[in-house]
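J.: Just so we're aligned: the sequence shown equals residues 13 to 283 in our numbering.
Where a beta carbon is used, it is the ideal one built from N, C-alpha and C, also for glycine.
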Amino acid sequence: MRTVTDILLEWTFKISLSTVHGTLQAKRLCILIGTYLIYLFQYPWKSYTKGHANQLEDIHRDAKALDKLPNHIAFVVLEEDSEFSPEDLARLAVWSLSSGIRYVTLYDLEGKLKARFFDLHKVISSLYQSQFGPLAPNLSISSSHTPALSSNQEVHVGVDPTYFVNILSNEDGQNRLSQTAQEVCTSVQKGELTLKQIDVNRVEEKWRNSSVIPDPDLLVVFGNINSVGGFPPYLLRFCEIHGQPTHKQVQYKTFFSILQSFAKCKQNFGK
13 MRTVTDILLE
23 WTFKISLSTV
33 HGTLQAKRLC
43 ILIGTYLIYL
53 FQYPWKSYTK
63 GHANQLEDIH
73 RDAKALDKLP
83 NHIAFVVLEE
93 DSEFSPEDLA
103 RLAVWSLSSG
113 IRYVTLYDLE
123 GKLKARFFDL
133 HKVISSLYQS
143 QFGPLAPNLS
153 ISSSHTPALS
163 SNQEVHVGVD
173 PTYFVNILSN
183 EDGQNRLSQT
193 AQEVCTSVQK
203 GELTLKQIDV
213 NRVEEKWRNS
223 SVIPDPDLLV
233 VFGNINSVGG
243 FPPYLLRFCE
253 IHGQPTHKQV
263 QYKTFFSILQ
273 SFAKCKQNFG
283 K
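(1) Can you name the start and end residues of the beta strand (DSSP E) that SER155 belongs to?
(2) Taking the alpha carbon of SER138 as the point to measure from, which residue in ALA105, TYR115 and ASN178 has its own alpha carbon closest?
(3) Just list the residues that DSSP pairs ALA86 with in beta bridges.
(4) Spatial neighbours of GLY255 within its chain, please: CB distance less than 7 Å, with the 5 preceding and 5 following residues excluded, ordered by chain position.
(5) Using only the alpha-carbon positions, how far apart do LEU180 and VAL262 sit?
(6) Should PHE274 go down as buried or exposed, given a rule of 16 or more other Cβ atoms within 10 Å for buried?
(7) In three-state terms, what does DSSP make of PHE250?
(8) Where LEU107 and THR206 are concerned, what is the direct C-alpha to C-alpha distance, given to the nearest angstrom?
(9) Between the beta-carbon of ARG114 and the beta-carbon of ASN150, is there less than 9 Å?
(10) Just curious, the alpha helix (DSSP H) that ILE270 is in, first and last residue?
(11) Check LYS62 in the structure and name its three-state DSSP category.
(12) Under DSSP, the alpha helix (DSSP H) around PHE144 begins and ends at which residues?
(13) Can you pull the DSSP bridge partners for LEU290?
(14) Between which two residues does the alpha helix (DSSP H) carrying PRO245 extend?
(15) What number of angstroms, rounded off, separates the C-alpha of ASP79 from the C-alpha of CYS277?
(16) Terminal residues of the continuous alpha helix (DSSP H) containing SER108?
(17) So, with DSSP's three-state summary, where would you put GLN201?
(18) Using the Cβ count rule (16 or more neighbours within 10 Å means buried), how would you classify PRO228?
(19) Using 9 Å as the limit for Cβ to Cβ distance, is GLU92 near chain C?
(20) Exposed or buried, which one is LEU147 when buried takes at least 16 other CB atoms within 10 Å?
Printed below as a string of structure tokens:
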């Protein structure tokens, strides 16, 4: 399929071959070049999806060069600017998935991301399909208030997804902790546990079983603030934290440099 860029370049070539001494030809050439520049500046993110197969291969190659990758990366939006960019967050999520990271979390303190879940779902799904092509692995996109949706259509995920994007806010960590406590109490009431059997290991087991998504091992915080914005601290025991001033217009080289830093860090896990 011919792209807009290909057509514009072809027209430019034809015009350059024609007689250029007339003012009409010169005007046509100026209009054409102006249209081409407007196209590039108006849709800068589309230049990333153009030729998605090569982009995907490039990201795969970069990721394979690293000693390790996070299994779960979380992006925490804490910027003072109240408006967030679905396109920029979608690009970060799809870069992560393209690198082979199975779990991606998008988080903010006040739940603004969850409030625009369907907008995020639409943009992430579109970019994901453009990047991976027609044979894209199944992707689950979910939040606590919305059933998990697949990437190719707005229906419940019916098969085991390969990748997960979860959209969270501060209330989700509190709800999960409350749910774990309720499950422990219910087990005691049913006689499945005694009070003497309740210890840290038992509670942690209940906690792990309450979610299919593992704890993040890389947290990227956007905003000029020394905080994780209420992100549940008990999920960050073995997590590397990196800060960036903004999530808007982040370049791929910046994203990859974060993965490089993670790959180089040594985690002693308390030893």
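T.: This is what the structure gives:
(1) Locating residue 155 in the sequence shown gives position 143, counting from the first residue. Where SER155 is concerned, the enclosing beta strand (DSSP E) stretches over 151-155.
(2) Counting from one through the sequence shown, the residue named residue 138 turns up at place 126. Answer by Cα proximity: ALA105.
(3) Within the sequence shown, the letter at position 74 stands for residue 86. Note: ALA86 sits in a beta bridge opposite THR117 and LEU231.
(4) Counting from one through the sequence shown, the residue named residue 255 turns up at place 243. Same-chain partners within the cutoff: VAL233.
(5) Stepping through the sequence shown from its first residue, residue 180 is reached at position 168. Stepping through the sequence shown from its first residue, residue 262 is reached at position 250. If you take the alpha carbons of LEU180 and VAL262, they lie about 21 Å apart.
(6) Indexing the sequence shown from 1 puts residue 274 at position 262. The residue is buried, with at least 16 neighbouring Cβ atoms inside 10 Å.
(7) Translated into the one-based positions of the sequence shown, residue 250 becomes position 238. PHE250: coil per DSSP, three-state reduction.
(8) Residue mapping note: residue 107 aligns to position 95 of the sequence shown, counting from 1. Residue mapping note: residue 206 aligns to position 194 of the sequence shown, counting from 1. According to the sequence displayed, residue 107 carries Trp and not Leu. C-alpha separation (whole angstroms): 47 Å.
(9) Walking along the sequence shown from the start, residue 114 turns up at place 102. Walking along the sequence shown from the start, residue 150 turns up at place 138. For ARG114 and ASN150, no; Cβs fall outside 9 Å.
(10) What you label residue 270 is simply residue 258 of the sequence shown in a count that begins at 1. From DSSP, the alpha helix (DSSP H) with ILE270 extends over 264-276.
(11) The residue labelled residue 62 in the question sits at position 50 within the sequence shown. With a pLDDT of only 40 at LYS62, under 50, the local geometry of the prediction cannot be trusted, and no value is derived from it.
(12) Along the sequence shown, read from residue 1 onward, the residue named residue 144 stands at position 132. 129-144 is the extent of the alpha helix (DSSP H) around PHE144.
(13) In the structure as shown, the chain starts at 13 and stops at 283, and residue 290 therefore has no counterpart that could be examined.
(14) In the sequence shown, counting from the first residue as 1, residue 245 sits at position 233. Looking at the DSSP string, PRO245 is not in any alpha helix (DSSP H), and its letter there is neither H nor E.
(15) The sequence position of residue 79 within the sequence shown is 67, counting from 1. The sequence position of residue 277 within the sequence shown is 265, counting from 1. Roughly 10 Å between the two C-alpha positions.
(16) In the sequence shown, residue 108 corresponds to position 96, counting from 1. First-last of the alpha helix (DSSP H) with SER108: 98-110.
(17) Locating residue 201 in the sequence shown gives position 189, counting from the first residue. GLN201 falls in the helix class under three-state DSSP.
(18) Translated into positions along the sequence shown, residue 228 becomes position 216. When all chains shown are included, PRO228 counts as buried.
(19) Among the protein chains of the structure shown there is no chain C, as only one such chain exists.
(20) By one-based count along the sequence shown, residue 147 stands at place 135. So LEU147 counts as exposed.
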